[in-house]
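Shown next, in structure tokens, is the structure this report addresses.
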């Protein structure tokens with residue numbers, strides 16, 4: 300075995316430039332394959348993380364207008380979401396893990412003793428903060444007793460806190476929302492977002508939903524007092540999100556008297572469906588890039604095969620002499636096969652080592668919100684090893700077969 304490695308390195312050293320170019324082809328191919336997959340996984344995880352800033356596996360329901368007749372009602376009827384719909388989902392939809400209503404008041408005047416501005420004020424319940432991934436950095440979130448007792452308390456977004464209180468401690472401080480005094484009970488941590496839901500979460504103020512109804516009534520007096528702007532829910536199982544969606548639509552159809560198949564009655568923004576579509580797009584892109592990288596790797600394999608073919612031609616007399624001294628066809632075949640495989644595997648190891656080093660350097664740098672770095676997972680590593688092994692075998696067999704097929708007489712005659 301030591302003699303085999305010595306002979307292989309001797310042949311590579313004898314033709315340094317040719318060996319380098321051959322190894323470069325394989326190394327570049329395997330490096331491209333792993334790098335492409337790592338890039339795709341990095342962007343995929345970055346996008347998932349970015350989407351989760353709005354909320355994990357959330358479904359948003361909005362008021363709509365019917366397109367079908369149902370229950371004696373004409374098509375084109377306006378459907379307004381209310382607290383009754385929220386209660387129906389809680390009572391009749393076991394596939395729903397959590398549900399929460401939301402009321403919004405845009406461009407609401409807000410002032411503290413130090414500054415003022417206009418912000419989006421949300422009337423929420425305790426479940427809302429959990430659904431929307433809104434962690435409170437200091438203080439506490441809106442709680443059930445705040446809603447029940449219609450308390451004038453609020454939680455500030457990071458940007459709102461800076462504008463109204465600058466570097467001061469906001470907890471226990473007082474702000475005026477539409478002229479009414481509210482006590483600051485919490486402040487949200489600063490949130491890095493690349494996608495928004497009704498604006499940046501840093502620019503919002505959260506208050507109990509009952510307090511918003513009392514202190515910030517809608518401009519149109521024809522609105523029902525229990526109306527909500529949207530309903531948010533999370534399926535208990537992502538695998539059953541379609542069944543959950545059907546269950547929720549049936550519950551709402553019974554409350555608002557519309558056809559459960561009429562999707563326009565209650566429009567849906569489904570982040571679970573969006574995530575599935577997003578994964579399909581990335582899977583397609585990953586396959587496309589992997590095919591390109593495999594083609595590059597295959598060209599490197601052709602280069603190894605050509606190099607070994609030249610080695611067979613240059614060592615014809617050596618092959619003839621070995622056979623004349625008793626070397627079997629199997630022995631010659633094995634020698635050249637192992638030499639070709641070794642050359643391919645050595646090149647692949649250089650490529651994998653290069654991309655691993657590159658990933659370590661890149662991942663140590665600050666990353667944008669949509670990119671999580673070069674992620675080399677087990678799937679990428681196994682695919683790279685399988686591709687490398689296939690190329691190594693395919694590039695080593697033809698030269699080895701040719702070398703083993705030479706007879707001693709033919710080999711010695713060709714050399715002369």
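In our numbering, the protein residues as written are 300 to 715.
Think of the CB as a built atom: it goes at the ideal place given N, C-alpha and C, for glycine as much as any other residue.
Distance cut-off 6 Å: residue i Cβ against heavy atoms of the ligand NAP
i: residue 533; result: What this structure holds is no ligand at all, so the ligand NAP is not there to describe.
Inter-residue spacing [alpha-carbon to alpha-carbon] between residue i and residue j
i: residue 319; j: residue 571; result: 49 Å
i: residue 490; j: residue 605; result: 56 Å
i: residue 460; j: residue 504; result: 9 Å
i: residue 558; j: residue 385; result: 18 Å
i: residue 676; j: residue 482; result: 48 Å
i: residue 405; j: residue 418; result: 7 Å
i: residue 471; j: residue 331; result: 56 Å
i: residue 532; j: residue 554; result: 17 Å
i: residue 362; j: residue 565; result: 5 Å
i: residue 401; j: residue 689; result: 57 Å
i: residue 697; j: residue 641; result: 15 Å
i: residue 409; j: residue 550; result: 38 Å
i: residue 477; j: residue 548; result: 36 Å
i: residue 637; j: residue 580; result: 41 Å
i: residue 589; j: residue 453; result: 51 Å
i: residue 683; j: residue 368; result: 57 Å
i: residue 411; j: residue 431; result: 26 Å
i: residue 655; j: residue 433; result: 36 Å
i: residue 437; j: residue 469; result: 9 Å
i: residue 329; j: residue 316; result: 20 Å
i: residue 585; j: residue 440; result: 41 Å
i: residue 353; j: residue 435; result: 15 Å
i: residue 374; j: residue 556; result: 11 Å
Cut-off 8 Å between Cβ atoms - residues of its own chain near residue i, not counting five sequence neighbours on either side
i: residue 645; result: 322
i: residue 502; result: 418, 419, 456, 458, 459
i: residue 282; result: Here the chain comprises residues numbered 300 to 715, so residue 282 is not present and cannot be evaluated.
Residue from the options with nearest C-alpha to residue i
i: residue 500; options: 681, 455, 362; result: 455
i: residue 506; options: 629, 424, 470; result: 424
i: residue 594; options: 479, 687, 538; result: 687
i: residue 526; options: 667, 516, 380; result: 380
i: residue 334; options: 669, 359, 662, 693; result: 662
i: residue 399; options: 596, 534, 464; result: 534
i: residue 382; options: 584, 353, 422; result: 422
i: residue 403; options: 359, 517, 601, 341; result: 517
i: residue 378; options: 561, 669, 692; result: 561
i: residue 530; options: 327, 389, 584; result: 389
i: residue 485; options: 343, 451, 497, 407; result: 451
i: residue 465; options: 650, 416, 541, 679; result: 416
i: residue 267; options: 326, 340, 577; result: Since the first residue shown for the chain is 300 and the last is 715, residue 267 is missing from the structure and cannot be characterised.
Residue-level contact to chain D via CB, residue i, 7 Å cutoff
i: residue 551; result: Absent from the structure: chain D. Only one protein chain is present.
Local Cβ density within 10 Å of residue i, reported as buried at 16 or more and exposed below that
i: residue 413; result: exposed
i: residue 443; result: exposed
i: residue 660; result: exposed
i: residue 798; result: Residue 798 is absent from the structure shown; the chain starts at 300 and stops at 715.
i: residue 587; result: exposed
i: residue 647; result: buried
i: residue 681; result: exposed
i: residue 543; result: buried
i: residue 715; result: Its pLDDT being 47, under 50, residue 715 is placed unreliably in this model, and the coordinates cannot settle the point.
i: residue 479; result: exposed
i: residue 487; result: buried
i: residue 537; result: exposed
i: residue 463; result: buried
i: residue 336; result: buried
i: residue 652; result: exposed
i: residue 674; result: buried
Own chain, CB closer than 6 Å to residue i, minus 5 neighbours either side, in chain order
i: residue 376; result: 365
i: residue 426; result: 397, 399
i: residue 785; result: Residue 785 lies beyond the residue range present for the chain, which begins at 300 and ends at 715; the question has no answer from this structure.
i: residue 552; result: 559
i: residue 475; result: 410
i: residue 467; result: none
DSSP beta-bridge partners of residue i
i: residue 404; result: 420
i: residue 529; result: 361, 401
i: residue 524; result: The partner list for residue 524 (beta bridge, DSSP) is empty, contrary to what the question assumes.
i: residue 487; result: 435
i: residue 516; result: Looking at the DSSP assignment, residue 516 forms no beta bridge with any residue, so it has no partner.
i: residue 474; result: 481
i: residue 453; result: 483
i: residue 504; result: 420, 455
i: residue 415; result: 410
i: residue 558; result: Residue 558 pairs with nothing; no bridge assigned.
i: residue 385; result: The partner list for residue 385 (beta bridge, DSSP) is empty, contrary to what the question assumes.
i: residue 534; result: 395
i: residue 567; result: 360
Own chain residues within Cβ distance below 7 Å of residue i, not counting five before or after
i: residue 509; result: 446, 449
i: residue 563; result: 363, 364, 365, 366
i: residue 497; result: 403, 419
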